[in-house]
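Counting in my numbering, the sequence shown tops out at residue 483, every number present.
Glycine included, each C-beta is placed from N, C-alpha and C at the ideal position.
Fair warning: this is a prediction, and the values are worked out from it, not measured in the lab.
Remarks on the structure that follows.
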Amino acid sequence: MSIDRYDVAENTALSRVGYAQNAAFRTKTFEDYGFPTRMTELGQLVRYIDFFVGAGLNHLQPGNFFRGSSVESNYSEDEIGILTRLSEGVREITEKSCGKRYGVHFNHLSAIGLFRVVQAIASLSGKDRLSIFEVGPGCGYTGTLLGFQGHGYIAYDVTQGYYIWQSLLYEHFFSGEFTEVAGNEGTDLGALTRIAHLPWWSFMELYKDNPISADVVISNANLGEMHVSSLRYVLRVARQMLIDSDIGVLIFASVGACHLNSAETIMDEIGRAGYKSVMSNNVFVFTLEGKDLPAAVVDTLETQIPLFNPSGTEKTVDAGEFVKFRKGEYPEELDFYAFLSDWPGFDGRPEG
132 MSIDRYDVAE NTALSRVGYA QNAAFRTKTF EDYGFPTRMT ELGQLVRYID FFVGAGLNHL
192 QPGNFFRGSS VESNYSEDEI GILTRLSEGV REITEKSCGK RYGVHFNHLS AIGLFRVVQA
252 IASLSGKDRL SIFEVGPGCG YTGTLLGFQG HGYIAYDVTQ GYYIWQSLLY EHFFSGEFTE
312 VAGNEGTDLG ALTRIAHLPW WSFMELYKDN PISADVVISN ANLGEMHVSS LRYVLRVARQ
372 MLIDSDIGVL IFASVGACHL NSAETIMDEI GRAGYKSVMS NNVFVFTLEG KDLPAAVVDT
432 LETQIPLFNP SGTEKTVDAG EFVKFRKGEY PEELDFYAFL SDWPGFDGRP EG
């Protein structure tokens, strides 16, 4: 996916968009907070490979639980394997696209929280493969980790910069099984490959005749950041996707910044759209009215989200053992953020 191809397709779509749709699919919260939503050259891709604001060195230390991402900061050997695979892929993509190898240091750790949740739902429900739809995947790492395990995965995003990064990421890891719809708007959405990617203008029209079914819809850290029309649309299109699934759950760890919707408004809208809460202790999980999750799923996830550990090894490590800050492998933004955050022992150029 090139910048020009995306921009041309988006401009064509904008010619048929009115006020209601434009309001629903704007990136207002990002713009208000100063986040750069668009790029004009591939060298700017580095903005979208990681997310530092809100991160801390305690994310690299063992024994912590971060409710905002549903992550316990202990990692199994199996998790280290897939996180390392992902990190190396990011280095390869950035070397090709930016002319320099950049690693990911924080956002993949956050992504593993909902990855663990979905894996637990699948395992405890006796399913080898789930169909997942993600709204606004950001850096794209939760979906990539799920794709590694053979799940079906479709995502949509409204932010040009993130969208192009996601497309490059999914193409890199899943090229033979990946469908990019942006720039290919004639694609049959009822016959997508295992991994697929929808631009906002295709997602905007799904409600008319939605061919996409899902067992899980993820909309993490963004429900408070989208226009209320987008919130209502997401909930209703998700309902269309989930209606025929025997699992049928909407999940998120956080509502994100409550810039456009309050937490109370979000919960009210979820209820109005026909969902009921089944979990909220470690992660927010909702089913459609009339559907229930197996008791084992609810009991397990409400107690503690299990690590992904198919090999059964008991050893765990903290992220500091495998996340290394090497000179030149992270953007200057990290130096700036570390300085603002008074990170002890972080001089801006640690070797590891």
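Is there contact here, the region 310-321 with the region 261-280, by at least three beta-carbon pairs under 8 Å?
no
Extract the residue ranges of the beta strand (DSSP E) inside the region 315-392, only unbroken runs of 3 or more that lie entirely within it.
326-330, 347-349 and 380-383
Using CA coordinates, which residue listed in N412, F417, E464 and V448 is at the minimum distance from R198?
N412
Per-residue burial, Y150 [other beta carbons within 10 Å of its own, 16 or more giving buried]:
Looking at its Cβ environment, which holds fewer than 16 other Cβ atoms inside 10 Å, Y150 is exposed.
Nearest to H239 (by Cα), restricted to the options V221, R232, A251 and T225
V221
Taking the alpha-carbon positions, what's the E463 to G234 distance?
When rounded, the distance between both Cα atoms is 13 Å.
How would you label G174, buried or exposed, when you count the other beta carbons within 10 angstroms and need 16 or more for buried?
exposed
When you compare only the Cα positions, how much space is there between M170 and I263?
Distance between the alpha carbons of M170 and I263 is about 28 Å.
Spatial distance of F415 from D375 (CA atoms)
Distance between the alpha carbons of F415 and D375: 21 Å.
Using only the alpha-carbon positions, how far apart do E223 and F304 sit?
11 Å
Note the first and the last residue of the continuous beta strand (DSSP E) segment covering T444.
Unbroken run through T444: none, as it is neither H nor E.
Flag this pair as yes or no: are the beta carbons of E141 and W332 separated by less than 9 Å?
Taking 9 Å as the Cβ cut-off, E141 and W332 qualify as a contacting pair.
Can you tell me whether L276 is buried or exposed, with buried defined as 16 or more other CB within 10 angstroms of its CB?
buried
Can you list, in chain order, the residues of its chain with a C-beta nearer than 6 Å to that of R247? Leave out the 5 residues immediately preceding and following it.
Within the same chain, I436 and F439 come within 6 Å of R247 by CB-CB distance, once the 5 residues on both sides are set aside.
The region 376-396 / the region 344-352 touching (three or more Cβ pairs under 8 Å)
yes
Could you pull out every residue in the same chain whose Cβ sits closer than 8 Å to the Cβ of E400, ignoring the five residues on either side in sequence?
V359, L362, R363, L366 and N392
How many angstroms separate the CA atom of A144 from the CA atom of H390?
27 Å
Residue environment, T434, which counts as buried when at least 16 other CB atoms sit within 10 Å
exposed
Comparing C-alpha positions only, which one of R178, I211 and D138 sits nearest to K446?
I211
Using the beta-carbon count (16 or more within 10 Å), is D430 buried or exposed?
exposed
List the whole-angstrom C-beta distance separating F456 from H236, where the pair is believed to meet the contact cut-off of C-beta under 8 Å.
7 Å
Local conformation of Y468 per DSSP, three classes
Y468 falls in the helix class under three-state DSSP.
Should E265 be labelled buried (16 or more other beta-carbon atoms within 10 Å of its own) or exposed?
Counting Cβ neighbours within 10 Å, E265 comes out buried, since at least 16 surround it.
With DSSP collapsed to three states, give me the class of E172.
coil
Alpha carbon to alpha carbon, what distance is there between G421 and E302?
38 Å
Cα-Cα, which of D209, S306, E172 and V202 is closest to A186?
V202
Would you give the residue range spanned by the beta strand (DSSP E) that Y287 belongs to?
Y287 -> beta strand (DSSP E) spans G283 to D288.
Decide if Y287 is buried, meaning its Cβ has at least 16 other Cβ atoms within 10 Å, or exposed.
buried
Cutoff 7 Å; reference R370; Cβ partners in own chain excluding five residues on either side
A404, G405 and L419
Does the beta-carbon of G483 have 16 or more other beta-carbons within 10 angstroms, so that it is buried, or is it exposed?
Reliability fails at G483, whose pLDDT of 44 lies under 50, so the model's placement of it is uncertain and the value that follows must be treated cautiously. By the C-beta density criterion, G483 is exposed, having fewer than 16 other C-beta atoms within 10 angstroms.
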